[in-house]
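Data block below; observations after.
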């Protein structure tokens, strides 16, 4: 366990340099966590100085030059990295650096990364995990993965993000009405890139249709990196919507029955929780992070077996899954937000210099086997 950041005293107001250099384009999950979890109001009463950029070269310059210079000049300040990993020179102020880790994808799935991520992001992330002693994670699943690759002396602390009603779904009664013969409308949210595994979502939708269930897949997200054959020759049941504003997404979500995720790897999967404000049920892979995030509120499937997944989904609907979805989803969301609120209290105590902030065993990931 590491000590508190240098110079911290209980109740002391600190200056915090907040790396926002990754906030330059459409706001997706990582950006929403940065804007919500680390907003100046949330970090109050500490003095927050945001470091921003307008371009990729500007981001690199800030991470490798601007922030290290601030660390040398302002020896009482903290440095918070909620998006991308810091440059290696920030190790000069390692005890005062706080790194928020969304997942370990940059190290564990190199085959699904763009060339830029493999050449720049992965090495920076690996170095940061080696020297940064204060690591904060968005889920216990991420924490276990981080603990397996970070420095043994590092603190790996839970800081789950509270999930607000981003899309304004709170007044929805639940999923759209669905009856025999109706078209089942599946919603998928996320950038089109290899990790999201959209071919599996298409295969599941096709399996439903083969089984006699009319189905549509509504895909919301900009096109990222990689080649995607289904974009060149999309099946008739695929409806692409591109990047939508929060208001536009609300209208689409209100017309859908299920949020579908077939992602190969997530540290959290923020949209899965965000749609639960509207009482939408979630279908996701049967993996540790989705079991942690969804509890008993979702249907867990094996995306690599689309016909079996389609049968499981059909049985779930026949068994009344859609009828009870709103209550289960909102109960799960309340559970998550209660845990996130406790994490937030601990984090604020930590910033104020409370050495006992992470004394509770359930607030940290203590070793490789802790789940």
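Numbering (my numbering), first residue to last: 312 to 682.
Here a beta-carbon is modelled for each residue, glycine too, at the ideal position from N, C-alpha and C.
Closest residue to residue i among the options (Cα-Cα distance)
i, options, result
"residue 654", "366, 338, 449", "449"
"residue 623", "642, 596, 648, 637", "596"
"residue 574", "608, 500, 590", "500"
"residue 632", "592, 619, 602", "592"
"residue 479", "531, 640, 558, 457", "558"
"residue 566", "521, 375, 489", "489"
"residue 642", "429, 536, 668, 485", "485"
"residue 452", "521, 544, 603", "603"
Residue j beta carbon less than 8 Å from that of residue i
i, j, result
"residue 571", "residue 483", "no"
"residue 473", "residue 651", "yes"
"residue 568", "residue 495", "yes"
"residue 404", "residue 390", "yes"
"residue 610", "residue 594", "yes"
"residue 438", "residue 399", "yes"
"residue 447", "residue 411", "yes"
"residue 579", "residue 605", "no"
Cα-Cα separation, residue i to residue j
i, j, result
"residue 409", "residue 636", "38 Å"
"residue 323", "residue 444", "21 Å"
"residue 525", "residue 629", "15 Å"
"residue 355", "residue 538", "44 Å"
"residue 386", "residue 662", "16 Å"
"residue 659", "residue 357", "10 Å"
"residue 675", "residue 465", "11 Å"
"residue 345", "residue 581", "12 Å"
"residue 371", "residue 431", "10 Å"
"residue 351", "residue 627", "43 Å"
"residue 618", "residue 625", "11 Å"
"residue 406", "residue 348", "21 Å"
Buried/exposed call for residue i, threshold 16 Cβ in 10 Å
i, result
"residue 634", "exposed"
"residue 615", "exposed"
"residue 523", "exposed"
"residue 656", "exposed"
"residue 330", "buried"
"residue 547", "exposed"
"residue 585", "buried"
"residue 383", "exposed"
Supposed contact pair residue j and residue i - C-beta distance, whole angstroms, cut 8 Å
i, j, result
"residue 588", "residue 644", "6 Å"
"residue 420", "residue 326", "In fact, because the Cβ distance is near 37 Å, the residues do not count as touching under 8 Å."
"residue 341", "residue 413", "6 Å"
"residue 554", "residue 530", "So it is not a contact: roughly 11 Å between Cβ atoms."
"residue 467", "residue 415", "Going by Cβ atoms, the distance from residue 467 to residue 415 rounds to 11 Å, so no, they are not a contact pair."
Any chain B beta carbon closer than 8 Å to residue i
i, result
"residue 630", "The structure shown contains no chain B; it holds only a single protein chain."
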